[in-house]
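Participant:
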Amino acid sequence: ETGVTQTPRHLVMGMTNKKSLKCEQHLGHNAMYWYKQSAKKPLELMFVYNFKEQTENNSVPSRFSPECPNSSHLFLHLHTLQPEDSALYLCASSQEQVGTQYFGPGTRLTVL
Amino acid sequence: DAKTTQPNSMESNEEEPVHLPCNHSTISGTDYIHWYRQLPSQGPEYVIHGLTSNVNNRMASLAIAEDRKSSTLILHRATLRDAAVYYCILRDTGNTGKLIFGQGTTLQVKP
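Chains as they are written, first to last, in the numbering used here: chain A, 857 to 968; chain B, 3 to 113.
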């Protein structure tokens with residue numbers, strides 16, 4: 857499999873649930889990103905990892921917890937979310953932090 | 003972060019050229035002009051980028067004004083698969099190189 861993959865593609869969860877989003881890149885890149893795309897709003901950068909180290913947290917609430925165990929995998933752990941967190945969550949990777957970013961297809965999250 | 007201004011939407015006929023404008027009057031000398039597009043139900047994809055000179059690749063051409071305060075993405079022959087939201091982004095690769103997405107231009111292509 858090539859490119860950036862994300863699982864699951866769709867997720868419905870209650871406000872008390874704990875779930876995780878997974879991103880995997882097969883491009884040999886060193887930087888990975890989480891973005892949030894809410895309806896009618898531009899993409900918002902959430903987190904940046906470079907060589908497994910977090911280099912940016914864009915004031916994201918602590919109910920979103922990222923994890924980057926290696927340069928190929930990125931997780932977003934979710935707990936006690938709110939309905940307004942319903943959105944498309946996109947993962948991206950790049951060779952270096954200033955390189956072209958390649959995006960996955962996203963996970964469509966609905967919080968009930 | 004430097005800001006860009008794009009029309010909310012544009013229409014084109016299939017197999018005709020499309021010129022998508024972008025204004026960036028506050029661009030700095032180290033800002034590159036990047037274009038990404040997002041097809042329906044997909045993540046954004048890179049289209050093209052440039053600094054000062056016009057650029058061509060297999061997807062599109064990028065025409066940059068001499069004063070760099072505006073640019074135009076050119077799709078030479080629009081197809082139905084080119085219907086997407088097109089984002090013009092200024093990126094300072096001398097810093098963290100963050101991509102700051104705006105609302106973009108929604109391009110409709112009519113058969």
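Just so it is clear, CB atoms sit at the ideal spot from N, CA and C, and this is done for glycine as well.
Only a predicted model underlies this, so the values are computations on that prediction, with no experimental measurement involved.
1. Would you say residue 46(B) faces chain A, with C-beta separation under 7 angstroms as the test?
2. What did DSSP end up calling residue 39(B) once you bin it into helix, strand or coil?
3. How would you list, in chain order, the residues of chain B whose beta-carbon sits under 9 angstroms from the beta-carbon of residue 946(A)?
4. List, in chain order, every chain B residue whose beta-carbon is nearer than 7 angstroms to that of residue 962(A).
5. Suppose you measure from the CA of residue 61(B) to the CA of residue 871(A); what does that come to, to the nearest Å?
6. How about residue 104(B): is its C-beta nearer than 7 angstroms to some C-beta of chain A?
7. Taking the C-alpha atoms as reference points, what is the distance between residue 935(A) and residue 927(A)?
8. Could you spell out the range, first to last residue, of the beta strand (DSSP E) harbouring residue 887(A)?
9. Quick one: Cα of residue 881(A) to Cα of residue 101(B), how far?
10. Per DSSP, what kind of secondary structure is residue 60(B) in: helix, strand or coil?
11. Return the residues of the segment 910 to 934 of chain A that lie within a Cβ-Cβ distance of less than 8 angstroms from chain B, sorted by chain order.
Facilitator: If we stick to the structure as given:
1. Interface annotation, residue 46(B): in contact with chain A, CB-CB separation under 7 angstroms.
2. Assignment of residue 39(B) by DSSP, reduced to helix, strand and coil, places it in the strand class.
3. Neighbours of residue 946(A) on chain B, chain order: 45 and 46.
4. Here the neighbours are 45.
5. About 43 angstroms.
6. It does; some Cβ of chain A falls within 7 angstroms.
7. Those two C-alpha atoms are separated by around 24 angstroms.
8. Where residue 887(A) is concerned, the enclosing beta strand (DSSP E) starts and stops at 887 to 893.
9. Taking the straight line joining both Cα atoms gives about 19 angstroms.
10. Correct three-state label for residue 60(B): coil.
11. Taking 8 angstroms as the Cβ-Cβ cut-off against chain B, the residues of the segment 910 to 934 of chain A that qualify are 911 and 912.
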